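A.B. asks: Let me give you the structure first, and then I'll get to my questions.
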Amino acid sequence: MPFLIAAVVLVGVLCAADLILTVGVIRRLRDHAERLALLSGEGGIAVGDEVGEFSVATVDGRLVVTRDALSEDAGGTVVAFFSPDCEPCEETLSRFVPYAAELRAGGCPVLAAVVGDPGEQTDAFVAALSPVAHVVAERHPDGPLSAAFRIGAVPTVLRVAPDATGRVVVTDADVRLDTSAAAAA
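Counting in my numbering, the sequence shown tops out at residue 185, every number present.
Set out below in structure tokens:
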């Protein structure tokens with residue numbers, strides 16, 4: 001009889017451990033599914049699409065950026081989205097900073113969004129981008145700026161400009177950072 005009790009207790013402990021591990025795996029799968037959806041680019045904005053309405057403050061609090069403000073520069077604005085949780089974003093950031101510096105020196109406005117939870121990594125992205133762009137920080141990938149641009153993947157670098165009717169539209173959905181900023185403008 002003691003052998004039977006010990007076997008039942010052992011099976012119970014194994015089932016409880018299995019249940020705990022299964023719940024952990026399900027949580028990780030959900031997290032990965034959300035990240036893959038963000039990286040897949042599904043539903044992203046395309047060339048010719050109008051940018052949605054938005055109003056966001058820069059991290060330094062000196063500027064409130066709106067869609068209407070983007071329509072004031074006929075030459076266009078470069079808009080970039082980064083996330084500190086994304087490895088390709090780090091590589092793109094290292095190429096984007098000199099590109100944006102060249103653009104800004106030439107008078108082209110640059111707007112960058114850092115999407116992620118506040119913390120050391122996010123602060124590092126903001127610090128790298130602040131000298132060359134107006135920087136906006138968003139906690140979630142569905143923040144007002146990301147939603148207005150229908151960002152489905154990061155990193156994303158776009159060029160927007162007003163069209164003939166004054167609507168702010170995407171003019172380039174795949175800005176090449178390996179070319180000279182002057183040649184790209």
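Beta carbons: idealized from backbone N, C-alpha and C, even for Gly.
Note that the coordinates shown come from a computational prediction; the quantities given were computed from them, not determined experimentally.
Taking 8 Å as the threshold, find out whether the stretch 166–182 comes into contact with the stretch 133–142 through three or more Cβ pairs.
C.D. replies: No contact exists between the stretch 166–182 and the stretch 133–142.
A.B. asks: Please report the straight-line C-alpha distance between G152 and A7, rounded to a whole angstrom.
C.D. replies: Taking the straight line joining both Cα atoms gives about 52 Å.
A.B. asks: Have a look at I26, D172, F54 and flag the residue whose alpha-carbon is nearest the alpha-carbon of L145.
C.D. replies: Among I26, D172, F54, the Cα nearest to that of L145 belongs to F54.
A.B. asks: Do you know how far the Cα of G52 is from the Cα of P162?
C.D. replies: Their Cα atoms are separated by approximately 13 Å.
A.B. asks: Please tell me whether V154 and P88 are closer than 9 Å, where the distance is taken between their beta carbons.
C.D. replies: Taking 9 Å as the Cβ cut-off, V154 and P88 qualify as a contacting pair.
A.B. asks: In chain order, what residues of the same chain lie with their CB nearer than 6 Å to the CB of L84, ignoring the 5 residues before and after it?
C.D. replies: In the sequence as presented, Leu is not what sits at residue 84; that position holds Pro. Around P84: G116, Q121, T122, F125.
A.B. asks: Is it true that the stretch 87–105 meets the stretch 66–76, where meeting means three or more beta-carbon pairs spaced less than 8 Å apart?
C.D. replies: The stretch 87–105, when compared against the stretch 66–76, does not touch it at the 8 Å Cβ threshold.
A.B. asks: What does DSSP give as the partner residue(s) for D172 in the beta ladder?
C.D. replies: Answer is R159, bridged to D172.
A.B. asks: Determine the burial state of C15: buried for a count of at least 16 other Cβ atoms within 10 Å of its Cβ, exposed for fewer.
C.D. replies: That one is exposed.
A.B. asks: Which residues mark the beginning and the end of the beta strand (DSSP E) in which E138 is found?
C.D. replies: Element bounds for E138: 134–138.
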